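Participant:
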Amino acid sequence: MALHRLTRITIGVPNLAETSAYYADFGLLKTGENTFATADGGEQLRLVHAPTRRLVELGVGVDDADDLGRIGAALARLDLALDADGRVSDPATKVRVQVSIADRITRPAEPAPLYNGPGRADRVDARAPGVLREQPVRPRKLGHVVLGSTDQEASQRFFTDGIGFKVSDEVPGIAAFLRCSTDHHNVLVQPAPVPYLHHTSWEVEDVDEIGRGAHHMLEGHPERHVWGLGRHHIGSNFFWYLKDPAGNFSEYYSDLDCVVDEAIWKPEVFQDMRILYSWGPPVPPSFIEPEDLAALMAGAHSS
Ligand SMILES: [Fe+2]
């Protein structure tokens, strides 16, 4: 029937133990020494050793064998092929994509927290749920990954024409927000001098959980802060970006646009600051160009 979700990612890092401790702290549930689950998505992160940080593998879930056949035929038109395990590599991001038949993520509808506003007391005689929560923040699922590619156009074609991602919004000449589910975006490929992982993004319930999660992560670790709290224009989501000990950014997000009916959703082209955000603190230069980019380039040239 269709692509419907990201399944699991594998990130290679030089400092496995330290990075593993970071993601446990981030709220992912440890399922093995270096594997982690989200609350709704099952096992969604595997860390492996690599000389320099990078996204090794990205899993995409489909409904049935017909989807695999259709993807195989589309990849053949790009002179690529799925191996027996459903794997194919994108040459310009150096990421291996594994396509597999997977269950859809199903979640019971939960009541939205009640907010008061001018002339509108939806929550009376009670404190806000966001200030009463005490349990650790637990990301519900992996939402998206952003990758640097040495050939942005080719990588984007790989994901759209090859795997079957759809374009939700576009920034001409720079990137497109691509989805393989009803999430506004699951993958974004941006131009870069070296293939690298810019960030992974993890969904939490609401903006309070983003704040609580970041608050916890920054206690005693101010070096983890990258950018937040803010709200993106493209995708609409609230965000807070943090940095793992290998240099990968990890984002808590909530309230992302959801695309169910393609006839109603209108993809747009953006060319101004809305590319980055609607509001928030000034964009740190290290978000645009991570501080270890030169080292990653040197690593790529020596390997
Ligand atoms: Fe993001």
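The sequence shown begins at 253 in the numbering used here and counts up by one. For glycine and all other residues, C-beta sits at the position ideal for the given N, C-alpha and C. Just so we're clear, the structure is a prediction, and the values are computed from it rather than from any experiment.
1) Near H301, which residues of its chain fall below 8 Å by C-beta distance, leaving aside the five closest residues on each side in sequence?
2) Beta-carbon within less than 7 Å of H484's beta-carbon, same chain only, minus the 5 sequence neighbours each way: which residues are those?
3) Mind listing, in chain order, the residues whose beta carbon lies closer than 5 Å to a non-hydrogen atom of ligand 1?
4) So the candidates are I527, S401, M549, H450; which of them puts its Cα closest to the Cα of K346?
5) Using the Cα positions of R372 and P381, report the straight-line distance between them to the nearest angstrom.
6) At which residue ranges does the region 490-533 contain complete beta strand (DSSP E) runs of 3 or more residues, listed in the order of the chain?
7) Distance check for L258 and L394, CA to CA, integer angstroms please.
8) On the three-pair Cβ rule with 8 Å, is the region 431-442 touching the region 363-370?
9) With a CB to CB cut of under 8 Å and the five nearest residues on each side skipped, what residues in its chain are close to A333?
10) Quick check: F429 and I357, are their CB atoms within less than 8 Å of each other?
11) Once the 5 residues before and after G499 are set aside, which same chain residues still bring their CB inside 6 Å of it?
12) Taking the CB atoms as reference points, tell me whether A291 and R385 lie closer together than 8 Å.
13) Express the C-alpha separation of T271 and G463 in angstroms, rounding to a whole number.
14) D318 lies in the alpha helix (DSSP H); which residues open and close that run?
15) Is the number of C-beta pairs between the region 444-460 and the region 502-515 that are closer than 8 Å three or more?
Facilitator: With the structure as the only source:
1) G264, V265, P266, L268
2) F491, Y529, S530
3) S453, E503
4) S401
5) 17 Å
6) 490-495, 501-506
7) 7 Å
8) no
9) G324, L327, V340
10) no
11) R305, D544
12) no
13) 22 Å
14) 317-328
15) yes
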